[in-house]
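Right, one structure below, let's go through it.
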Amino acid sequence: MIFELMGGISVAAGVFAALLWSLYQSILKRGSLQYAHIATAVLTILGMASISALSSFFAQILGILLLATATTAAILEVRWNRVLPIFQIIFAIVLILGLPFVAQ
Numbered sequence: 186m187i188f189e190l191m192g193g194i195s196v197a198a199g200v201f202a203a204l205l206w207s208l209y210q211s212i213l214k215r216g217s218l219q220y221a222h223i224a225t226a227v228l229t230i231l232g233m234a235s236i237s238a239l240s241s242f243f244a245q246i247l248g249i250l251l252l253a254t255a256t257t258a259a260i261l262e263v264r265w266n267r268v269l270p271i272f273q274i275i276f277a278i279v280l281i282l283g284l285p286f287v288a289q
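The C-terminal position of the sequence shown is numbered 289 in my numbering, with every residue numbered one higher than the one before it.
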């Protein structure tokens, strides 16, 4: 139980940091990287909302879309800037697998 809790907290902290990074990059960058970060930030917020709404179907659809946009953002980023979109990729996989809804 403690490992699931700590794993969830670690993923959530990374996702929040990645969300702030995407918002920051969507203001500073231009072109396709800006659009990838805007879409990733919006889908991350919607993914969090789907967990709050207990909608596993909506979460899976958002997870697929988030996986595509976060992967695009990670590919377009340079050097260490690729690390934070990887947390959003992990969050997308968590949504696709329905892990937040397993205990319900």
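All residues carry an ideal CB built from backbone N, CA and C; glycine is no exception.
Given a threshold of 16 other Cβ atoms within 10 Å of its Cβ, counted over all protein chains shown, does residue i qualify as buried or as exposed?
i	result
Phe-242	exposed
Val-200	buried
Leu-282	exposed
Pull up the distance between the alpha-carbon of residue i and that of residue j, whole angstroms please.
i	j	result
Leu-204	Leu-284	20 Å
Thr-254	Ile-187	31 Å
Ser-207	Phe-286	26 Å
Ile-274	Leu-251	7 Å
Leu-247	Ile-278	10 Å
Ser-237	Val-263	33 Å
Trp-265	Thr-257	15 Å
Ala-202	Phe-276	12 Å
Gly-193	Met-233	13 Å
Leu-213	Ser-195	27 Å
Leu-239	Arg-215	35 Å
Glu-189	Tyr-220	33 Å
Spatial neighbours of residue i within its chain, please: CB distance less than 6 Å, with the 5 preceding and 5 following residues excluded, ordered by chain position.
i	result
Ala-244	Ser-235, Leu-280
Gln-210	His-222
Using a Cβ-Cβ cutoff of less than 7 Å, which residues in the same chain neighbour residue i once the five nearest sequence positions on both sides are dropped?
i	result
Ser-217	Leu-261
Ala-259	Arg-267, Pro-270, Ile-271, Ile-274
Leu-231	Leu-247
Could you check which residue in the options has the C-alpha nearest to that of residue i?
i	options	result
Thr-229	Leu-190, Ala-197, Lys-214	Ala-197
Tell me which residues share the same chain as residue i and place their Cβ nearer than 8 Å to its Cβ, disregarding the 5 neighbours each side in the sequence.
i	result
Ile-249	Ala-277, Ile-281
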